[in-house]
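Colleague: Read top to bottom, the protein sequences are chains A and B. For the first sequence, the residue numbers in this note's numbering are 1064 to 1492. For the second sequence, the residue numbers in this note's numbering are -5 to 182. Backbone N, C-alpha and C fix where the C-beta goes; we use that ideal spot for every residue, glycine too. One structure is given below, represented as structure tokens, and several questions about it will come after.
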Amino acid sequence: MSRPANPEKFSNPCIQWIDERLPIFTMLIKEYRVFPMPKNANYLWSFGGIAMTMLILMIVTGVFMAMNYDPNTHGAFESVERTMRDVNYGWLLRYAHMNGASFFFIAVYIHVFRGLYYGSYKTPRELLWIIGVIILLLMMATAFMGYALPWSQMSGWGTTVITSLFGAFPLVGDGLVTWLWGGFAVDNPTLNRFFALHFLLPFVILGVVFVHVWALHQTGSNNPTGVEPKTPKDTVPFHPYFSTKDSFALVVFLTLFLAMIFFAPLALTEADHFKQFDPMQTPDHIVPEWYFLPFYAILRSFTLDISIPFTNIILLPAKLQGVVAMFGSIILLMFLPWIDASPVKSARYRPIYRVMVFLLVIAMFALGYAGSQKPEGLPVRIGQLGTAYYFAHWIILWFISRNGFMGVIPKEQTLPVPASISDDPCCKH
Amino acid sequence: MDSNEDGATRRDFLYLTAGAMGAVAVGTAAVPIIDSMNPAADTLALATTEVDLSSVQPGQTITVVWQGKPVFIRRRSPDTIAQIRAEDWHSFRDPQSDQDRVQKGHDEWLVLVGVCTHLGCIPKGSKPMEPKGEWGGWFCPCHGSTYDQSGRIRKGPAPHNLKVPDYAFKSNTLIVIGEKPKSAPKAA
Ligand code: HEM
Ligand code: FES
């Protein structure tokens, strides 16, 4: 069977020659030039591209730091200090990588907020959303293992506390923790495997992001009205309209990032991260990186064992409840497309949900505060309140998007949605 | 094509068996890969530590390293032992008698893995100036778990008593941590 030759598309014969054999230029034009974007997409739509840029920046700085890194308990701390002091521009690589993780999380958290607020998780983007949650989990695993590599007090003890969580599982717990450590304490085998995995996972993330964008280009982008584009009038080509807009957002974001690197590179880092790990001495206060704080607070909010009444037999120890709640709080997001049954996507037209999303953001900040404090007194109560709201949120959402609940939770009365994107009063032109 | 009354064919059967064999093969291949992450032989070889107790004074605690973890060894005075054993332990979170946590005839020696059973921090209380908590045992700075002079959890989030490792007395002042005691009757 003979295939018709590609019609002449490119004036450059070299590009034409390649494209006939591997249609990469055709693909690029389709996906990044003519790709139709809803014309009303706002700056919150720039954070996916920003996150992608941060991922590449993390890979580049990471690979070059790895060239000077010694993944051994005797050499790791010193090799990182040497990178900072002696390696040409090593300080820049490290500060960019350290703060890069923070900015990567800032971008992704805003990106997820955008999805929550405008209902981007709803049909037909359920799978796109689920892939996003998988990316988030992979990012968390990667950041956690990366934090262990400098082999500081915070590295070693953060690793100890979090890996010990798996000991909460009945029966298999202890064996699981030993397996994770490769020994009987956080030690050289642990550091070795964390280095291997920290090197590997970002490339896995890159692969999953590729699938994420593939799914995005199948359904197209959502927009602030949540109404799908109906006519070509509702969209504009990605290039030059959104390539320009996204580039501007990226430049602003990177400016803030560079300002952080140059003027406050250690603002987000604990002092104990600059002391070598001593397995015999626990620091007074172990805190994870800021982007884990809300989840850390959820973990610590469970303080009461659930036991069979009037006996000493504990059914669900507090530790296990905390572990399940912490992992559950993220896994739960995967089910969001089915928790929320409202046909209206955007919170703009959902008066109750709109308030709820902002409450959720407040709860996350409260949890973040609680997670940063010593677990005593008021911060514990704040954490418990935040945890209660975090989980109540999804339950309430379930009911307001259906028929309410026994008069306690009302059914949400949504506002009229514009007939099309072009009818959105924000951008009638 | 041969097919029985349900419409299942020979080909379906072959697909299923081939699929099942493939699954078994993948499962078998996964075993060595997963097991390679378990403690290696040299890590296991470091499984015992010998400790000379002859210079430890009553009331003193020493810390030694065993399997990369601290082990607390406290020499308790007869008064302390009497005081601990007078308490009713049945209502404790992880109920265990002091007798069950030491070896018979060596009741003054309390040997504990110095890792908080909550989330793995190292409790304070082994050095003279460190806080020992309300019961004179150990206090974990991470989330406030408090242990008594038998290493039992008395307050705070930790679910279990501090673990007692296997150890054997070679003589009255020499122990090997990590070795099962010979006949090892617990203290009466
Ligand atoms: C490494 C992290 C991530 C990268 C690099 C990334 C990349 C992207 C890019 C480039 C886009 C298109 C631009 C945009 O609409 O903003 C996008 C869209 C999207 N992402 Fe992500 N993403 C990441 C993580 C996540 C996570 C964690 C979630 C959700 C939990 C998520 C959910 C979505 C959704 C729902 C869309 C389509 C949104 C719409 O058009 O309304 N993404 N992503
Ligand atoms: S680790 Fe000791 S109290 Fe939490």
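(1) When the distance is taken between beta carbons, is Tyr161 of chain B closer than 7 Å to Val96 of chain B?
(2) May I ask you to check if the CB of Leu113 of chain B is nearer than 6 Å to at least one heavy atom of the ligand FES?
(3) Does the Cβ of Arg148 of chain B have 16 or more other Cβ atoms within 10 Å, making it buried, or fewer, making it exposed?
(4) Run down chain B in chain order and give the residues with a C-beta less than 9 Å from the C-beta of Gln1384 of chain A.
(5) Any heavy atom of the ligand FES closer than 6 Å to the beta-carbon of Cys1489 of chain A?
(6) Give every residue of the same chain whose Cβ lies closer than 7 Å to the Cβ of Tyr1158 of chain A, excluding the five residues on either side of it in the sequence, and list them in chain order.
(7) Would the beta-carbon of Asp1347 of chain A fall within 7 Å of that of Ser1109 of chain A?
(8) Could you tell me whether any non-hydrogen atom of the ligand FES is closer than 6 Å to the CB of Ser139 of chain B?
(9) Would you mind telling me which residues of chain B sit closer than 7 Å to Pro1380 of chain A, beta carbon to beta carbon, in chain order?
(10) Residue range of the alpha helix (DSSP H) that Ser1401 of chain A falls in?
(11) At 3 residues or longer, what runs of the beta strand (DSSP E) sit wholly inside the region 1210 to 1237 of chain A?
(12) Beta-carbon of His137 of chain B versus every beta-carbon of chain E: anything under 7 Å?
(13) Just to check my reading of the structure: Lys63 of chain B and Phe1247 of chain A have Cβ atoms closer than 8 Å, yes? What is that Cβ distance to the nearest angstrom?
(14) If you reduce the DSSP assignment to three classes, tell me which class Trp129 of chain B lands in.
(15) Hey, quick one: how far does the alpha helix (DSSP H) through Ser1142 of chain A stretch, first residue to last?
(16) According to the neighbour-count rule (16 or more other Cβ atoms, all chains shown, within 10 Å of its Cβ), is Ala182 of chain B buried or exposed?
(17) For the candidate residues A:Trp1244, A:Asn1251, A:Pro1265, A:Ile1472, whose alpha-carbon lies nearest to that of Ala1206 of chain A?
(18) Which residue or residues does DSSP assign as beta-bridge partners of Ala1426 of chain A?
(19) Under a three-way DSSP split, which group does Thr1383 of chain A fall into?
(20) Thinking C-beta only, is Phe1340 of chain A closer than 7 Å to Gly1245 of chain A?
(21) Taking CB distances under 7 Å as the criterion, tell me whether Phe1365 of chain A reaches chain B.
(22) Using a Cβ-Cβ cut-off of 7 Å, state whether Met31 of chain B counts as contacting chain A.
(23) For a test of the three-state rule: what should DSSP assign to Asp46 of chain B, helix, strand or coil?
(24) State the DSSP-derived secondary structure class of Ala2 of chain B, mapped to helix, strand or coil.
(25) Quick check: what's the CA-CA separation for Met1064 of chain A versus Thr1241 of chain A?
(26) Can you say whether Lys1382 of chain A is buried or exposed, counting buried as having 16 or more other CB atoms within 10 angstroms of its CB?
(27) Is it a yes or a no for the region 1296 to 1313 of chain A touching the region 1186 to 1205 of chain A, going by three-plus beta-carbon pairs under 8 Å?
(28) State the start and end residues of the unbroken alpha helix (DSSP H) segment that holds Thr1124 of chain A.
(29) Are there 16 or more other CB atoms within 10 angstroms of the CB of Val109 of chain B, so buried, or fewer, so exposed?
(30) Using a beta-carbon distance cut-off of less than 9 Å, what residues from the region 107 to 125 of chain B approach chain A?
(31) By Cβ distance, which residues of its chain are closer than 8 Å to Phe1140 of chain A, with the 5 residues on each side in sequence left out?
(32) Using a Cβ cut-off of 7 Å (strictly closer), state whether Ser1031 of chain A contacts chain B.
(33) Quick one: is Ala1248 of chain A near chain B, going by C-beta distance under 7 Å?
(34) What is the DSSP secondary structure of Met1100 of chain A, counted as helix, strand or coil?
(35) Answer yes or no: does any C-beta atom of chain A fall closer than 7 Å to that of Thr37 of chain B?
Modeller: Concretely, from the data shown:
(1) Contact flag unset, no.
(2) Indeed, a heavy atom of the ligand FES lies less than 6 Å from the Cβ.
(3) Per the 10 Å Cβ criterion, buried.
(4) Ordered by position in chain B, no residue passes the 9 Å Cβ test against Gln1384 of chain A, which lies about 11 Å from the chain.
(5) Not under cutoff, so the answer is no.
(6) Spatial neighbours of Tyr1158 of chain A in its own chain (CB-CB distance under 7 Å, excluding positions within 5 residues in sequence) are listed in chain order as Ile1324, Pro1328.
(7) Not closer than 7 Å, so no.
(8) Because some heavy atom of the ligand FES lies under 6 Å away, the Cβ of Ser139 of chain B counts as near it: yes.
(9) Near Pro1380 of chain A (Cβ distances below 7 Å), the residues of chain B are Pro153.
(10) Looking at the sequence provided, one finds Trp at residue 1401 of chain A rather than Ser. Secondary structure note for Trp1401 of chain A: its alpha helix (DSSP H) is the uninterrupted segment 1399 to 1402.
(11) Correct list: empty.
(12) Absent from the structure: chain E. Protein chains present are A and B.
(13) At roughly 6 Å, the Cβ-Cβ gap stays under 8 Å, so Lys63 of chain B and Phe1247 of chain A are in contact.
(14) In the three-state DSSP reduction, Trp129 of chain B falls in the coil class, being neither helix nor strand.
(15) That run of the alpha helix (DSSP H) goes 1139 to 1148.
(16) Below a pLDDT of 50, predicted positions are generally treated as unreliable, and Ala182 of chain B, at 42, falls in that range; the measurement from the model is reported next regardless. With fewer than 16 other Cβ atoms inside 10 Å of its own Cβ, Ala182 of chain B counts as exposed.
(17) Ala1206 of chain A has its Cα closest to that of A:Pro1265, out of A:Trp1244, A:Asn1251, A:Pro1265, A:Ile1472.
(18) The partner list for Ala1426 of chain A (beta bridge, DSSP) is empty, contrary to what the question assumes.
(19) Residue identity check: residue 1383 of chain A is Leu in the sequence provided, not Thr. DSSP places Leu1383 of chain A in helix when its eight states are reduced to three.
(20) No. Outside cutoff.
(21) Taking Cβ atoms only, chain B never reaches closer than 7 Å to Phe1365 of chain A, which makes this a no.
(22) Met31 of chain B counts as touching chain A.
(23) Note: Asp46 of chain B maps to strand in three-state DSSP.
(24) In the structure shown, Ala2 of chain B sits in coil (DSSP, three-state: anything other than H, G, I, E or B).
(25) Its pLDDT being 42, under 50, Met1064 of chain A is placed unreliably by the model, and the measurement read from it follows with that caveat. Between Met1064 of chain A and Thr1241 of chain A, the C-alpha separation is close to 59 Å.
(26) The residue in question, Lys1382 of chain A, is buried, as its Cβ has 16 or more Cβ neighbours within 10 Å.
(27) The answer is no - the region 1186 to 1205 of chain A does not touch the region 1296 to 1313 of chain A, with fewer than three Cβ pairs under 8 Å.
(28) Unbroken alpha helix (DSSP H) run through Thr1124 of chain A: 1110 to 1129.
(29) Looking at its Cβ environment, which holds 16 or more other Cβ atoms inside 10 Å, Val109 of chain B is buried.
(30) Against chain A - using a Cβ distance shorter than 9 Å - the residues of the region 107 to 125 of chain B are Gly108, Val109, Cys110, Thr111, His112, Leu113, Gly114, Cys115, Ile116, Pro117, Lys118.
(31) Cβ neighbours of Phe1140 of chain A within its own chain (closer than 8 Å, five residues either side excluded): Pro1213, Trp1214, Ser1215, Gln1339, Phe1340.
(32) The structure shown does not extend to residue 1031 of chain A, since chain A is modelled only from 1064 to 1492, so the question has no answer here.
(33) Yes, contact with chain B.
(34) Secondary structure of Met1100 of chain A (DSSP, three-state): strand.
(35) Yes, because at least one Cβ of chain A sits closer than 7 Å to the Cβ of Thr37 of chain B.
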